[in-house]
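*Asks:* If you're matching positions, the sequence shown starts at 1 in full-length UniProt numbering and goes up one per residue.
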Amino acid sequence: MILKKITPLLLATVFLFTACEKDDEALKENLTATEEKDKNNQEFGDIEVEQFVYKGMNDIYLYKADVPVLADDYFATTTEKNEFLAGFDSPESLFEDLKWSQDRFSFITDDYISLEESFKGISSSVAGMEFGIGRITNTNNIFGYLQYILPGSAAEEAGLKRGTVFTEVNGTKLTLNNFSDLLDADSFTINIGHVENGSLVMTDETVTLTHSQYTENPVLISKVLDVDGQKVGYLMYNSFTADFDDELNAAFGELKASGVNELILDLRYNGGGSVESAVDLASMITGQYEGEIFMKEQWNQKYQEYFESEAPESLLNRFNPQIRTQEAINSLN
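1) Looking only at its chain, what residues have a beta carbon closer than 7 angstroms to the beta carbon of residue 299, apart from the 5 residues adjacent to it on each side?
2) Since residue 283 and residue 319 should fall inside the 8 angstroms C-beta cutoff, what is the C-beta to C-beta distance between them, to a whole number of angstroms?
3) Roughly how many whole angstroms lie between the Cα atoms of residue 264 and residue 78?
4) Less than 9 angstroms between the C-beta atoms of residue 247 and residue 270, yes or no?
5) What's the call for residue 260, buried or exposed, on a 16-neighbour Cβ count within 10 Å?
6) For the region 128-138 against the region 98-115, are there 3 or more C-beta pairs whose distance is under 8 angstroms?
7) Would you list the one or two residues that DSSP bridges to residue 130?
8) Taking the alpha helix (DSSP H) that residue 90 belongs to, which residues open and close that run?
9) So what does DSSP say about residue 176, is it helix, strand or coil?
10) When the Cα of residue 67 is compared with those of 51, 240, 102, which residue comes out closest?
11) Give the secondary structure of residue 285 by DSSP, where H, G and I count as helix, E and B as strand, and everything else as coil.
12) Quick one: what's got a C-beta closer than 7 angstroms to residue 142's C-beta in the same chain, skipping five residues either side?
13) Would DSSP call residue 273 helix, strand or coil?
14) Closest Cβ-Cβ distance between residue 76 and chain B: below 9 angstroms?
15) Just the Cα atoms here: how many angstroms apart are residue 15 and residue 73?
16) How is residue 79 classed by DSSP in three states: helix, strand or coil?
17) Just checking my contact of residue 49 with residue 91 at CB under 8 angstroms: how many whole Å lie between their CB atoms?
18) Any chance the region 228-239 sits against the region 151-159, with 3 or more Cβ pairs inside 8 angstroms?
19) Could you tell me the boundaries of the beta strand (DSSP E) in which residue 230 lies?
20) Mind checking who residue 135 pairs with in its DSSP beta bridge?
21) Taking the alpha-carbon positions, what's the residue 204 to residue 146 distance?
22) Helix, strand or coil for residue 243 per DSSP?
23) Would you check if the distance between the CB atom of residue 330 and the CB atom of residue 278 is smaller than 9 angstroms?
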C-alpha cells in the first residue's frame with residue numbers, strides 16, 4: 001500500500017526533472033536564436049518586420065511560384081537573404097517587390113485593428129459617403145463624385161446625394177498631385193456642383209466634412225421595380241460582410257414575399273469579403289443546387305497538395321440551406 005502511494009510521487013518527480021531539462025534546452029535554443037537575431041540586427045539593421053513579411057509571403061502567398069525570389073532555394077545562405085531584405089526602405093516596399101506583377105488585390109497594413117473592423121463593416125469614412133475621382137479632359141485637374149451616401153450619416157444630413165461633384169478642397173483646386181493629401185485630412189470643406197449635359201456645373205455652396213467611424217450595412221438598397229408588368233427585385237450589395245448575413249437574408253425574404261421573378265444584383269461598389277457570404281448569396285438567388293459545389297479554393301502548391309491529400313472537402317464551398325447563424329436561407333427559387 002505504501003508503494004502505491006509513493007509511486008505517483010516518484011513519477012511526478014521524474015516528469016518534473018525531465019520537464020526542467022527540456023526547459024533548459026529550450027532556453028538555450030531561445031538564447032542562441034536571440035543572439036543570432038541580435039547579430040543580424042547589428043549587421044543589417046532592424047529587419048525583423050521585413051523577415052516576417054518575407055516568411056509569410058514565402059509560406060502562403062498564392063502566387064509564390066510566379067515570384068522567383070520566393071523560391072525556398074533562392075538564397076544560398078541566411079546572410080544572403082538578410083542582405084536582400086536590408087536593401088529595402090520599408091516593409092511596404094519589400095511587400096510590393098515580392099508581389100506578382102499581375103496581383104491587383106494583395107495589400108499590406110500595419111493597422112490590424114482597422115483591418116479586423118473592416119471585415120465587420122466598420123470603417124473610417126468621410127462623413128458617411130463613398131466617392132470616386134475623375135480627370136477633367138485636357139487638364140491636370142480632377143473632380144470628385146459621390147457614389148453613394150450611408151443612411152443616417154452626416155453626409156445625408158448635409159443634403160449630399162449620389163452624383164454630387166466637387167472640384168475644390170479648402171478652396172484649392174484638386175489636381176493629380178494634391179488630391180490625396182487634401183482628401184486625407186481629418187476635416188475639410190468641398191465646393192458643390194453637378195453634371196449637366198456632360199459638363200461640370202459648380203455652385204457657390206460648400207460643405208464641411210469630417211472623417212468619422214461608421215458601421216455600414218452592405219445591403220444599401222433593396223426594392224421591387226415594376227418593369228412592363230413584371231416584378232423585378234433590385235439589390236445593391238456593397239460588401240460580402242459576414243456580420244450582416246442576417247440583413248442580407250432578410251432582404252431576400254422581403255423580395256421573395258413580394259413575388260419577384262427577376263433580380264438585378266448591383267455589385268458595382270462591392271470590393272469582396274467573406275467567401276461564406278458569397279456562397280449564402282448564391283444560395284439565396286437560387287436554392288435548387290443544395291449540396292453541390294459553388295466554388296473550389298486554390299492555394300499555392302504546398303498548401304494545395306496538403307489539402308488535396310489530407311482534407312479535400314475543406315477546399316470545397318457548397319450551396320447550403322442555412323446561413324452561419326443556422327437560420328434557413330430565403331431563396332428566390
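Just so you know, even glycine gets a beta-carbon here, dropped at the ideal spot from N, CA and C.
*Replies:* Taking the definition as stated:
1) 62, 307
2) 5 angstroms
3) 55 angstroms
4) no
5) buried
6) no
7) 148
8) It is not in any alpha helix (DSSP H) - residue 90 carries neither H nor E in the DSSP assignment.
9) coil
10) 102
11) helix
12) 133, 134, 135, 136, 174, 175, 176, 179
13) strand
14) Any reference to chain B falls outside this structure, which holds one protein chain only.
15) At residue 15, the pLDDT of 36 sits below 50, so the modelled position is not reliable and the matter cannot be decided from this model.
16) helix
17) 5 angstroms
18) no
19) 230-237
20) 142
21) 18 angstroms
22) helix
23) no
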